[in-house]
Amino acid sequence: MFRFFLLYSVVACLNGQLNVQIDKVLKETFDCKFKSNKTVGLTLSVVRSDKVLFVGGYGFVNIKKKTPVTGDTLFQVASLSKAFASVLLTKLIEEKTNYTLDTKLKKIIPGKKIFYDSLRSDYVTLRDLLSHKLGIPKHNEMRFDTELTRKNLVARLKYLKPEGVFRSSYMYNSLMYGVVTHLAEIIGEDTWENLVTMHIFEPLEMKTSTFASTADLENILLAKGYVEYYGELHPVEYNFTRQYAEICGSGCVLSTANDMSKWTRFFLNGGRLQDGTRLISEQAFIDITTPVNTIPYTYTHKYFSKPDIPVTNIQSNYALGYRMVVHTGSTWGYRAMISWYPEADIGIFVAFTGNDPNYLYRLSLHNYIFDVYTGHIPYLNTSTICTYPEPWLKSEIPQVKPNYPKDKNTTRGQKEYIGTYKNKAYGKIKIDKHKENNKLKLKYGYLTCVLYPSETKDEFYGDTTGISLKSFDFYKFKFKFNNDKVTLKASSFQEQPSFIKKGKLYNDAYPLYTTSMSLPVVILCVCLTLF
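Letter by letter, the sequence shown follows residues -16 to -1, 1 to 515 of mature numbering (1 follows the signal peptide of the UniProt record, and there is no 0).
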């Protein structure tokens, strides 16, 4: 008994010292990020399979009210929601159907043509959807359309032209998790939010977690999202957060550090609850944590690879000899990351409001915390976390706000631009006169822009207003006139879709969108590829 008590005391003392060290570094690094207008509030938890090691909160829920962040403050976890979507779907198909992850989508959603081509329409499986193997670009701006729903999203998929090879490419696509959300609702016969609450939140006792799509965002303890706009942080409107979360499974979960500690321990325990009961079967857990797609070399590699950086920590699935499972989340005003290391028996969750270019702050914090709790000498410290990737690599030069004239006249009369422009996949863009000045206004769902003519004929800069104010850089829109047809190209959208006014608006001979064939920005996703 005495030996046990002595051992327990030594371990407790050691853990206490580590926590003090972690807390000190977190406070100091958060302070430098706060002062440089990168973040407003941060929350974090560190766990082992059998206990919580650390929970902390830093900064403010709202910069105006100065309410402090705690372990019980809600943050939008963005694409970390995809893990909830994959766990829920595998659980539902196992408990309620004869389906498997290799069941073809067309068996659940009947239809001759679900996707752009017959290959995908005939052969796409649930596993393909979950692991970004369809080769379809992001098309994230479709989510600005207020008429987009989980159900009608499926009807729009056939207008999205693939750019990658089916099952031989990795193209991260959140829209497919909107499809996964819809599938779960079909199988579970309830809303996705209710199903996640019933099958995941309640068994894990994640009592505070909720959803951006359904919660009363103004009246819960939710950290206000902030976007960086040319060196300054600006709040994201709650309505914007709610609208963008509509397809849900790709990013609508709101959670706390305390609740996410339970979620992380669920993975460290191989899909079990704390009492040893299985939440999902062993096979289901293996399915959702086994790599099935190869992530290509991304821009994060250069910031976390030798010889420029002292250690290598990239999507090769190993760090210091430990298998690691990682996923990040990024949405308007929020950044998040979860990592867990089965052999080291440690899991880390962090979420904050603000910006984190190239995931540098998130990855640096996770690397430092992992080193400390596994007994390695950290290659990072307060100073280098604040300046990362310096001193090893030069930081990127901040973008300078464009300075363009706002007094130029349109190339032709305003009436020629005014009207409704349509695209089968994206929906409608409406061009009208702006009430407060002699300019044009563009409205696409909840994206509203005042249009200012550029130096190029029939081209405009879009300056955002309304609930999308300062959430975007200056978007470009280009008009092309051809007899009775006017084409509006959204040049700054990721896939550069074209919208058409007049003429044969829905003739498949007309281009629905054009692309530059450039690779999409890839959100970091390591071993947990189904997420």
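Glycine residues also receive a C-beta, built at the ideal position from the N, C-alpha and C atoms.
Here the structure is a predicted model, which is why all the values come from computation and not from measurement.
Straight-line Cα distance separating P280 from Q299: Within the sequence shown, residue 299 is the residue found at index 315, counting from 1. Within the sequence shown, residue 280 is the residue found at index 296, counting from 1. Residue placement at Q299 is flagged as unreliable, the pLDDT there being 49, under the threshold of 50; a coordinate-derived value is accordingly withheld.
Starting from the N-terminal side, write out each stretch of the alpha helix (DSSP H) that is 4 residues or longer and does not extend beyond the stretch 209 to 262. 222 to 228 and 241 to 252
Looking at the structure shown, is S115 part of a helix, part of a strand, or coil, going by DSSP? Counting from 1 along the sequence shown, the entry for residue 115 is found at position 131. Residue state, collapsed to three classes: coil.
If we ignore side chains and look at the alpha-carbon of each, how far apart do T54 and F44 end up? By 1-based counting over the sequence shown, the position of residue 54 is 70. By 1-based counting over the sequence shown, the position of residue 44 is 60. Roughly 9 Å separates the two Cα atoms.
Buried/exposed call for Y388, threshold 16 Cβ in 10 Å: Here residue 388 refers to the residue found at position 404 when the sequence shown is read from its first residue. Result: exposed.
Sequence-distant residues of the same chain with beta carbon closer than 6 Å to Y369, five excluded per side: The count along the sequence shown starts at 1 and reaches residue 369 at position 385. In the sequence as presented, Tyr is not what sits at residue 369; that position holds Ile. Excluding positions up to five away in sequence, the list reads T13 and S348.
From Y214, L144, N223 and T198, residue whose alpha carbon lies closest to that of K208: Start at 1 with the first residue of the sequence shown, and residue 208 comes out as number 224. Among Y214, L144, N223 and T198, the Cα nearest to that of K208 belongs to N223.
Inspect the beta-carbon positions of K425 and K417 and report whether they are closer than 8 Å. Position 441 of the sequence shown holds residue 425. Position 433 of the sequence shown holds residue 417. Taking 8 Å as the Cβ cut-off, K425 and K417 qualify as a contacting pair.
Starting from V470, follow the beta strand (DSSP E) in both directions and report where the run begins and ends. Reading the sequence shown from its first residue, position 486 is the one you call residue 470. K469 to A474 is the extent of the beta strand (DSSP E) around V470.
Can you give the Cα-Cα distance for P382 and P341, rounded to whole angstroms? As a working mapping, residue 382 is identified with position 398 in the sequence shown. As a working mapping, residue 341 is identified with position 357 in the sequence shown. If I take the Cα positions, the gap works out to 10 Å.
Cβ-based burial, H350 [other Cβ within 10 Å; buried from 16]: Mapped onto the sequence shown, residue 350 falls at position 366. Buried, since its Cβ has 16 or more Cβ neighbours within 10 Å.
Beta-carbon separation of Y430 and I415 under 8 Å? Residue 430 sits at position 446 when you count from the first residue of the sequence shown. Residue 415 sits at position 431 when you count from the first residue of the sequence shown. No, the Cβ-Cβ distance between Y430 and I415 is not below 8 Å.
Go to R319, then tell me how far its beta strand (DSSP E) extends in each direction, as first and last residue. To locate residue 319, count along the sequence shown from 1; it is residue 335. Here the beta strand (DSSP E) through R319 covers Y318 to Y325.
Please list, in chain order, all residues of the same chain as I264 whose beta carbon is under 7 Å from its beta carbon, the five residues on each side excluded. As a working mapping, residue 264 is identified with position 280 in the sequence shown. V71, T74, K75 and G255.
With a Cβ-Cβ cutoff of 8 Å, do G119 and V149 count as a contact? Reading the sequence shown from its first residue, position 135 is the one you call residue 119. Reading the sequence shown from its first residue, position 165 is the one you call residue 149. Contact: yes.
Quick one: measure Cβ to Cβ for Y428 and D129, integer angstroms, because I've assumed they're closer than 8 Å. As a first step, residue 428 is located in the sequence shown; it is residue number 444 there, counting from the start. As a first step, residue 129 is located in the sequence shown; it is residue number 145 there, counting from the start. Correct: roughly 7 Å between the Cβ atoms.
Terminal residues of the continuous beta strand (DSSP E) containing K91? Taking the sequence shown and counting its residues from 1, one reaches residue 91 at position 107. Unbroken run through K91 is the alpha helix (DSSP H), L89 to I92; no beta strand (DSSP E).
Could you check whether K408 and Y213 sit closer than 8 Å to each other, using their CB atoms as the reference points? For the purposes of this step, residue 213 is taken as the residue at position 229 of the sequence shown. For the purposes of this step, residue 408 is taken as the residue at position 424 of the sequence shown. Taking 8 Å as the Cβ cut-off, Y213 and K408 do not qualify as a contacting pair.
Excluding the 5 residues preceding and the 5 following Y357 in the sequence, name in chain order all residues of the same chain whose CB lies nearer than 7 Å to its CB. To locate residue 357, count along the sequence shown from 1; it is residue 373. Cβ neighbours of Y357 beyond the five flanking positions: L2, V30, L37 and I330.
Among F465, T471 and T432, whose alpha-carbon lies nearest the alpha-carbon of Y459? Within the sequence shown, residue 459 is the residue found at index 475, counting from 1. Closest by alpha carbon: T432.
Would a check of beta-carbon distances place A207 closer than 8 Å to chain B? Absent here is chain B; the protein component of the structure consists of one chain.
Quick one: Cα of V4 to Cα of N422, how far? Looking up residue 4 in the sequence shown gives position 20. Looking up residue 422 in the sequence shown gives position 438. Straight-line Cα distance between these residues: approximately 59 Å.
Distance, K390 Cα to E479 Cα: Taking the sequence shown and counting its residues from 1, the one referred to as residue 479 is at position 495. Taking the sequence shown and counting its residues from 1, the one referred to as residue 390 is at position 406. One C-alpha to the other measures close to 27 Å.
Buried/exposed call for K35, threshold 16 Cβ in 10 Å: Start at 1 with the first residue of the sequence shown, and residue 35 comes out as number 51. So K35 counts as exposed.
Could you please give the first and the last residue of the uninterrupted alpha helix (DSSP H) stretch that includes L167? The residue given as residue 167 occupies position 183 in the sequence shown. If you look at L167, you'll find it in the alpha helix (DSSP H) that goes L159 to G172.
Buried or exposed: where does N466 fall if 16 or more other Cβ atoms within 10 Å of its Cβ makes it buried? Start at 1 with the first residue of the sequence shown, and residue 466 comes out as number 482. Exposed, because fewer than 16 other Cβ atoms sit within 10 Å of the Cβ of N466.
If I measure Cβ to Cβ from T109 and keep anything under 8 Å in the same chain, skipping five residues before and after, which residues do I get? Taking the first residue of the sequence shown as 1, we reach residue 109 at position 125. Excluding residues within five positions, the ones whose Cβ falls inside 8 Å are L85, D86, T87, K88 and L89.
Taking only three categories from DSSP, how would you classify T27? Within the sequence shown, numbered from 1, the residue matching residue 27 stands at position 43. The answer is strand: DSSP assigns T27 an E or B state.
Pull up the distance between the alpha-carbon of T27 and that of F18, whole angstroms please. For this step, residue 27 is matched to residue 43 along the sequence shown. For this step, residue 18 is matched to residue 34 along the sequence shown. Approximately 14 Å, taken between the alpha carbons.
Please tell me whether K392 and P437 are closer than 8 Å, where the distance is taken between their beta carbons. Numbered from its first residue, the sequence shown carries residue 392 at position 408. Numbered from its first residue, the sequence shown carries residue 437 at position 453. Contact: yes.
State the start and end residues of the unbroken alpha helix (DSSP H) segment that holds F68. Locating residue 68 in the sequence shown gives position 84, counting from the first residue. Note, F68: alpha helix (DSSP H), S65 to K80.
Collapsed DSSP secondary structure at Y445 in the structure displayed: Here the question's residue 445 lines up with position 461 in the sequence shown. Y445 falls in the strand class under three-state DSSP.
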